[in-house]
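Structure record follows, encoded as structure tokens.
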Amino acid sequence: MRLAECKEVFASIAPAGHYAALRLGFFSPEEELNSFPSDWVDHYTINGLALHDPLMRWIYSASGAQRWSELLLPDPMGVLGSYADFGMPYGAVVCVTADEDRPRRTFGYFARADREITQAELRELEATLRAAHFHDAEADQPLTRAQTDALRLLSRGMRLKEIAHALGISESAVKARLKSAMARMDARTPVQAASIAAQRGLLK
1 MRLAECKEVF ASIAPAGHYA ALRLGFFSPE EELNSFPSDW VDHYTINGLA
51 LHDPLMRWIY SASGAQRWSE LLLPDPMGVL GSYADFGMPY GAVVCVTADE
101 DRPRRTFGYF ARADREITQA ELRELEATLR AAHFHDAEAD QPLTRAQTDA
151 LRLLSRGMRL KEIAHALGIS ESAVKARLKS AMARMDARTP VQAASIAAQR
201 GLLK
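Numbering-wise (UniProt numbering), the sequence shown opens with residue 1 and increments by one.
In structure tokens, the structure reads:
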């Protein structure tokens, strides 16, 4: 299941707002969804609450699904109280941890204004987020072996002439492979295509 296809499930369980980050890397996730109210997003960003948010600390120390009210983490800045002040007193945090094949984690925050999220809903949120985490991006935009070989060498800093020599093909053939790889990766440049492919684990 692609992350965009999770919107309906997330919205039905967390009508007050949700945020989901797919396969978080060093700086940013591969993809994200954010339906939190804009005034909350502004408040959260301006005040740098991510640095103090116990939900963020939880995703780096645990996995699974947990209601906000059940978190046993300090909250000296009162971040969870701020969620409530903005109409989101109830919620859950979900995290799918990294593994050897996908050394990243996917997580989400889900909020309600009216009641606690049920155990069944927690299981559904975790299952949905897990399906998105393990969705095979290569199936959506696969690369041929020829394209992968060219991008891998490009990512190592090799020039067209060097790539052509290494692969035993002409420079024009290298250009053709890179051009087709750009289309597959929806990239504007060969370097961007190599970067996207590397992020998706396609250049191993």
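Backbone N, C-alpha and C fix where the C-beta goes; we use that ideal spot for every residue, glycine too. Keep in mind the model is a prediction, meaning the values are calculated, not measured.
For L160, the CB contacts under 6 angstroms within the same chain, skipping 5 residues up- and downstream, are E171 and V174 in chain order. Going by C-alpha positions, F10 is about 18 angstroms away from I59. By the Cβ neighbour-count rule, P190 is buried, with 16 or more other Cβ atoms within 10 Å of its own. F36 is positioned such that its CB atom lies no closer than 7 angstroms to that of G48.
The beta strand (DSSP E) runs of length 3 or more contained entirely in the region 88-114 are, from start to end of the chain, 90-96 and 105-112.
With distances taken between CA atoms, F86 lies nearest to H43 out of H43, S61 and R188.
For the pair E30 and L129, the Cα-to-Cα distance works out to about 14 angstroms. Taking 7 angstroms as the cut-off, the Cβ atoms of I13 and E116 do not count as close.
Residue ranges of uninterrupted alpha helix (DSSP H) with 4 or more members, entirely inside the region 30-81 and ordered along the chain, are 38-46 and 54-59.
Here L151 really is in contact with A193; their C-beta atoms are around 6 angstroms apart, less than 8 angstroms.
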